[in-house]
Every structure is written in C-alpha cells, then in structure tokens.
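Trainee: From first to last, the protein sequence lines stand for chains U and B.
Here the first sequence is numbered in our numbering, starting from 29 and rising by one per residue.
Here the second sequence is numbered in our numbering, starting from 8 and rising by one per residue.
C-beta atoms are modelled at their ideal positions from N, C-alpha and C, and glycine is treated no differently.
This structure is in structure tokens; I'll ask about it shortly.
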Amino acid sequence: EAQVTQNPRYLITVTGKKLTVTCSQNMNHEYMSWYRQDPGLGLRQIYYSMNVEVTDKGDVPEGYKVSRKEKRNFPLILESPSPNQTSLYFCATHRTSGAGELFFGEGSRLTVL
Amino acid sequence: AQSVAQPEDQVNVAEGNPLTVKCTYSVSGNPYLFWYVQYPNRGLQFLLKYITGDNLVKGSYGFEAEFNKSQTSFHLKKPSALVSDSALYFCAVREIGNNAGNMLTFGGGTRLMVKP
Chain U
29 EAQVTQNPRY LITVTGKKLT VTCSQNMNHE YMSWYRQDPG LGLRQIYYSM NVEVTDKGDV
89 PEGYKVSRKE KRNFPLILES PSPNQTSLYF CATHRTSGAG ELFFGEGSRL TVL
Chain B
8 AQSVAQPEDQ VNVAEGNPLT VKCTYSVSGN PYLFWYVQYP NRGLQFLLKY ITGDNLVKGS
68 YGFEAEFNKS QTSFHLKKPS ALVSDSALYF CAVREIGNNA GNMLTFGGGT RLMVKP
C-alpha cells in the first residue's frame, strides 16, 4: 500500500527545545515537500526536495531545516522552536511528472509553548 | 507568479441539494488544476485534476469540476450532496512547464457543511 508516514502525529514542546518530525514514503517518488497548514492560510510550503541531497526553500522556510540523505526519508528539523511555529505540518510526495498529484501524510500537530 | 483564491470560507448546503465550491486561479501560462479534500484529523486526499482536454473533469466520490479558461475558474461541483461530504476542500494550481519543486500553490480552503 502506498504510504507517507509522519511521526510524531502530535507533539507539545517548549520554546527552544530542538525537535525533528520524520517523514518516510514507500512510493519511490523523487519529490518530497513539507507544508504547514494554518487557518485561513491554506497550505504553505516550507521546504522541498527534488531528489537525494537536493533541497530548496519554499515560501516559509525561516526557522526550519531539512535533509534528504535517502530517497525515502525527508525529516523536518526545528532547531529552536518558537510559539509561531505552532501549526499542523504535512509531508507530501509526488512523481517527477508535472501533472502528478501529491500524496500526503496524515499530519503532525505541533504545539510550542 | 501563480495564485489561487477560494472566496468562500464556508459553504452550507442541505443533503440532496447540489453543491458548488468556488476556485479562481492566476498563472502566467496554462495551468494544471487540482482539488483536494481533508477530513478531520487526516491528511489531504486527491479528488480530481484538470490537465488538458475536456473542460468537465470527473473525480472521486461523485465530484466533478469545470475548467473555465476565460473566467480563470475551476469550481468543484456535485449534483447531490451527502452529509459525509462535509470536509475542508482545497484548490491548487501549478503552471504547466514549471517543474520546480515549489510548483504547487494552494488556496486558503473552503469548509463544506452538509446538513441532514
């Protein structure tokens, strides 16, 4: 079964405590992305990766880091979380084709106190 | 630059009635257009997409969408709404030929409420 798996699904943390949200896919897709979803703002892209060791900033990259050491994994790193990073985060993958649709993970709800 | 507008934060409809969720877009060239649905505590699921050809696109769960190039719109429709259609709906656009990783732009979402 095609899957995009995110962990953790829910996390409450405190300002400044480093955390990592993992994302793994089993579809052998080249492209992977991270989005954050905030009410009224839809989904905004944080970072994306077009292949292993190839990453680039999306629309809202400040305060986040990513890495793509393996094709299947694309972790999102918050080095020093702040309350304005409280949000719902989604990992997504898609094939190289421009017309291909995105496949989303189930989401990770992060609260930074 | 590409953008998407969903002018309604919420759409209310009675079960059995037709529904429309509106979407307009802006791209420099020609678009690929998508609709996604999000149920509570779930990720987004693909509903349908317009690539080329027939302006009326049929998708999952009985939904369809009509591409109108002159009005730059891609409204989502269903002839008879179900209570189970209640969810958050997102329209998204990608300009054809834009193969960069940041190629998909989402609208702000429209909450559909179907009442029995």
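Kindly say whether N75(B), judged by its beta-carbon, lies nearer than 9 Å to any beta-carbon of chain U.
Mentor: no
Trainee: For E81(U), which residues in chain B fall below 9 Å Cβ to Cβ?
Mentor: Result: empty, since nearest Cβ-Cβ is about 13 Å, beyond 9 Å.
Trainee: How many whole angstroms separate the CB atoms of L119(B) and L26(B), which I take to be in contact at a CB cut-off of 8 Å?
Mentor: Between L26(B) and L119(B) the Cβ distance is about 7 Å, and since that is below 8 Å, they are a contact.
Trainee: Report, in whole angstroms, the separation of the C-beta atoms of P14(B) and V100(B), which I expect to be a contact under 8 Å.
Mentor: Not really, about 15 Å apart at Cβ, beyond 8 Å.
Trainee: To the nearest angstrom, report how far apart V90(B) and D61(B) are at their CA atoms.
Mentor: 29 Å
Trainee: Would A129(B) and V20(B) be called neighbours here (beta carbons separated by less than 9 Å)?
Mentor: One cannot answer for residue 129(B) here, as it falls past the ends of chain B, which runs 8 to 123.
Trainee: Compute the distance between the beta-carbons of K84(B) and F70(B), then report whether it is under 9 Å.
Mentor: Yes, the Cβ-Cβ distance between K84(B) and F70(B) is below 9 Å.
Trainee: Provide the residue(s) that pair with R72(U) in DSSP beta bridges, ordered along the chain.
Mentor: R64(U)
Trainee: Cβ of T139(U) within 8 Å of any heavy atom in the ligand FAD?
Mentor: The ligand FAD is absent from the structure shown, which contains no ligand whatsoever.
Trainee: If distances are taken between C-alpha atoms only, which option among E107(U), G128(U) and Y92(U) comes closest to Q73(U)?
Mentor: Y92(U)
Trainee: Indicate whether V32(U) and G133(U) have their beta-carbon atoms separated by less than 9 Å.
Mentor: yes
Trainee: Using only CA atoms, which one of K65(B), D16(B) and K122(B) lies nearest to G68(U)?
Mentor: D16(B)
Trainee: Provide the residue span of the beta strand (DSSP E) that contains P38(B), from first to last.
Mentor: Boundaries of the beta strand (DSSP E) harbouring P38(B): P38 to Q45, taken from the DSSP string.
Trainee: Closest by CA to L106(U), which one among D66(U), A30(U), Q53(U) and Y75(U)?
Mentor: Y75(U)
Trainee: How would you write the range of the beta strand (DSSP E) that H57(U) sits in, first residue to last?
Mentor: First-last for H57(U): undefined, no H or E at that position.
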